[in-house]
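S.K.: Residues 14 to 473, numbered by our numbering, are exactly what the sequence shown covers, in order.
We treat Cβ as the ideally placed atom computed from N, Cα and C, and that holds for glycine.
Only a predicted model underlies this, so the values are computations on that prediction, with no experimental measurement involved.
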Amino acid sequence: MRLQKMILRVLCLMLLLLLALGIWYAWRALPIISGFGAKNMASAVYLQHRDPASVLREELAFFPVSLGSFTVNKEDSSVTGSVWGLAKRKAIYRAGVGCTLVNDLTETAIRNQQFNLPAIPAQNRDSIPWPYGDKIADSIPAGVDTAALQRAIDRVMLANTKKGKPAFTRAFLVVYDGKIIGERYAPGFDKNSVMIGWSMSKSLTAAVIGVLTKAGKLNPDAPAPVPEWKNTNKEKITLRQLLQQTSGLDFAEDYGSPSEATDMLFKRGDMAAFTANLPLKFQPGTIFNYSSGNANILSRIIRHTVGDAAYAAFPYQALFHKINMYSLCLEPDASGTYIGSSYSYATARDFARFGLLYYNNGQWNGEQLLPENWVRETVKPAAANKQQRYGYQFWLNGIGDKDPAKRWFPDAPADMFFADGFGGQNIFIIPSRKLIVVRLGVNTIDENKYLKEVMQAIKN
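1. Kindly indicate which residue of L43, T182, V207 has the alpha-carbon position closest to the one of A57.
2. By a C-beta neighbour count over all protein chains shown, 10 Å radius and 16 as the cutoff for buried, is T259 buried or exposed?
3. Leaving out the 5 sequence neighbours to the left and right, which residues in its chain are closer than 6 Å to G413 when beta-carbon positions are compared?
4. Sorted by chain position, which residues of the same chain lie with C-beta nearer than 8 Å to W408's C-beta, five sequence neighbours on each side aside?
5. Helix, strand or coil for Q17 per DSSP?
6. Check whether the Cβ atoms of P292 and D263 sit closer than 8 Å, and answer yes or no.
7. For R362, does the count of other Cβ atoms within 10 angstroms reach 16, so buried, or fall short, so exposed?
8. Let's see if you can read the secondary structure: which residues bound the alpha helix (DSSP H) around L453?
9. Suppose the cutoff is 7 Å on Cβ atoms and the five residues either side in sequence are ignored; what does the same chain contact list for W211 look like?
10. Could you tell me which residues DSSP pairs with V224 in its beta bridges?
11. Buried or exposed, going by whether 16 or more other CB atoms sit within 10 Å of the CB of A322?
12. From A347 to T159, what distance separates their C-alpha atoms?
13. Assuming A161 is part of the alpha helix (DSSP H), what are its boundary residues?
14. Can you tell me whether E385 is buried or exposed? The criterion is at least 16 other CB atoms within 10 Å of its CB, across all chains shown.
15. Give the C-beta separation of V311 and I336 to the nearest angstrom, bearing in mind that I take them to be a contact with Cβ-Cβ under 8 Å.
16. Secondary structure at G156, three-state DSSP: helix, strand or coil?
17. Hey, which unbroken runs of the beta strand (DSSP E) at 3 residues or more fall wholly within the segment 329 to 391?
18. Just reading off the alpha helix (DSSP H) that E273 is part of, what are its end residues?
19. Please name the residue or residues paired with E72 in a DSSP beta bridge.
20. Mind checking which residues open and close the alpha helix (DSSP H) that includes K462?
21. Return the CA-CA distance between Q61 and A470, expressed in angstroms with no decimal places.
22. My guess is that G404 and Q257 are in contact by the Cβ rule of under 8 Å, so how many angstroms apart are they, rounded?
23. Considering only their Cβ atoms, is the gap separating C112 from I123 smaller than 8 Å?
24. Does the segment 166 to 183 touch the segment 454 to 465, meaning 3 or more C-beta pairs lie closer than 8 Å?
25. Is it buried or exposed, G94, if we count other Cβ atoms within 10 angstroms and call 16 or more buried?
26. Which class does T182 belong to by DSSP, given the choice of helix, strand or coil?
27. Of all the options Q376, P394, L382, F367, which has the alpha carbon lying nearest to the alpha carbon of V450?
28. Once you ignore the five residues that flank V92 on each side, which residues in its own chain have a CB closer than 6 Å to its CB?
29. At a cut-off of 7 Å, is N373 close to the ligand PLP when judged by its beta-carbon and the heavy atoms of the ligand?
30. Can you tell me where the beta strand (DSSP E) with I442 in it begins and where it stops?
31. First and last residue of the alpha helix (DSSP H) that includes E120?
32. So, are the CB atoms of H317 and P200 less than 8 Å apart?
33. Mind checking W97: buried by the 16 CB within 10 Å criterion, or exposed?
34. Can a CB atom of chain C be found closer than 8 Å to the CB of D424?
35. Taking its Cβ as the centre, do 16 or more other Cβ atoms sit within 10 Å of E380, making it buried, or is it exposed?
36. Buried or exposed: W37, going by 16 or more other Cβ atoms within 10 Å of its Cβ?
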């Protein structure tokens, strides 16, 4: 009898512990589900003008996000997410700056923020030749097998993920020697459709850092100007270490469970401040640790460098509108700082224009917008990056200039570098093949395969 009572007590204790663990996990995880769904539904509805049912079916159908419910309220341009009525999170839309999750600040305070954005020139872009406009030349450069290229593009658009699930590729675009030679969109999308870049946003952020470096306002080798780090063991972290993801901050880029990345993106109003206040885990410069937090610190450095009055317009005036990237929308967090890690929207052609900027060594229309050595430094990995797969917020094809099997993409040249985002958002830049390849969609497909097929269709 005594043994039975003891076993019963142990079982009750275990059940209580499991219940407590479940409550603790739900307390951490449910707001992330609600926030992820509300934010992405809002941007899809108000920026992309999509039917909410298609967003639920394509972007929000995976577990555990599928547990959430998301209500669109067009009267106040918002979306509210919850899980079983719990952990409600609201995302609001504001013209010009897209959608923002309400966190830490009140909704009224966020809506009252002012963003003085530059006007987009009134022009018929279809009458202006690419890349300054959208008029595409009828002629195809010599050496392009148009039939083989079209087959490659068609296969990309129809491809599933490696696990056989729909990839929902929305856009695929090929630029060869500066000219668009192939382009296709999924039904419901076209050359004017803006699409999310996810972590390709990091590459955009690095480019703006480059503009400020060229102007002499930032120095990659100087300590990063982060106010929280003064007189701490983080004060010697350099701007270069932030760019190369070797800051040493204790940040886990994990989206399978609650982490610093998910807490930052879906629970925090000031994402840069959240990351800046994290402790050091490694000596700066010694360990490569991919972190969206580093990119958001970079984004706030841009804000602090140019000042609040100029900040909202600065990335557009100083860079993106200069490269005719007029569709771009950078979305801010609740504090008003652009989410430099994750939330940019643009057309496939505008993402290709950004790739052309780097392909042309930071020049556009005769103007050197980035430092002359910026692209060279961008494709130079840190010593701490043993696989040599990361530069200034761009991914590299890695070690193996002589052994293709060691490259990230074995069938692509060693000089390839690329902006990469969740779900297979990519701008591949291949200087030796005169190529830029843009793919945008929901889920990742076999990038090495489609790059190989595109290159096989073009004889340099």
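M.R.: Inspection of the coordinates gives the following:
1. The shortest Cα separation from A57 among L43, T182, V207 belongs to V207.
2. Buried, because 16 or more other Cβ atoms sit within 10 Å of the Cβ of T259.
3. Taking C-beta separations shorter than 6 Å and ignoring five residues to either side along the sequence, the partners of G413 in its chain run K419, R420, following chain order.
4. Same-chain partners within the cutoff: R402, W421, F430, F431, A432, D433.
5. It is helical.
6. Annotated as proximal: P292 and D263, with beta-carbon spacing under 8 Å.
7. By the 10 Å Cβ count, R362 comes out buried.
8. First-last for L453: 448 to 453, but that is the beta strand (DSSP E), not the alpha helix (DSSP H).
9. Contacts found: S355, G434, F435, G436, Q438.
10. V224 is not bridged to any residue.
11. The residue in question, A322, is exposed, as its Cβ has fewer than 16 Cβ neighbours within 10 Å.
12. A347 and T159 have their alpha carbons spaced roughly 47 Å apart.
13. Note, A161: alpha helix (DSSP H), 159 to 171.
14. The residue in question, E385, is exposed, as its Cβ has fewer than 16 Cβ neighbours within 10 Å.
15. The sequence shown places Leu at residue 311, rather than the Val named in the question. Contact annotation, L311 with I336: C-beta distance approximately 20 Å; criterion of less than 8 Å not satisfied.
16. Three-state DSSP puts G156 in coil, outside helix and strand.
17. DSSP runs (the beta strand (DSSP E)) wholly in the segment 329 to 391: 357 to 359.
18. E273: member of the alpha helix (DSSP H) spanning 273 to 280, first to last residue.
19. DSSP lists no partner for E72.
20. Counting along the chain, the alpha helix (DSSP H) containing K462 begins and ends at 460 to 469.
21. So the two alpha carbons sit approximately 33 Å from each other.
22. Right, their Cβ atoms sit about 7 Å apart.
23. One thing to note: I123 has its Cβ no nearer than 8 Å to the Cβ of C112.
24. Taking one beta carbon from each stretch, the segment 454 to 465 and the segment 166 to 183 have 3 or more pairs nearer than 8 Å; the two touch.
25. Label assigned to G94: buried.
26. Coil, per DSSP.
27. For the set Q376, P394, L382, F367, the Cα lying nearest the Cα of V450 is the one of F367.
28. Here the set comprises A51, M54, A55, F83, V85, A104.
29. Ligands displayed in this structure: none; no statement on the ligand PLP is therefore possible.
30. Counting along the chain, the beta strand (DSSP E) containing I442 begins and ends at 438 to 443.
31. Note, E120: alpha helix (DSSP H), 120 to 124.
32. For H317 and P200, no; Cβs fall outside 8 Å.
33. Result: exposed.
34. Although the question refers to chain C, the structure presented lacks it and comprises just one protein chain.
35. Looking at its Cβ environment, which holds fewer than 16 other Cβ atoms inside 10 Å, E380 is exposed.
36. Bear in mind that a pLDDT of 48 at W37, under 50, signals an unreliable position, so the model cannot answer this.
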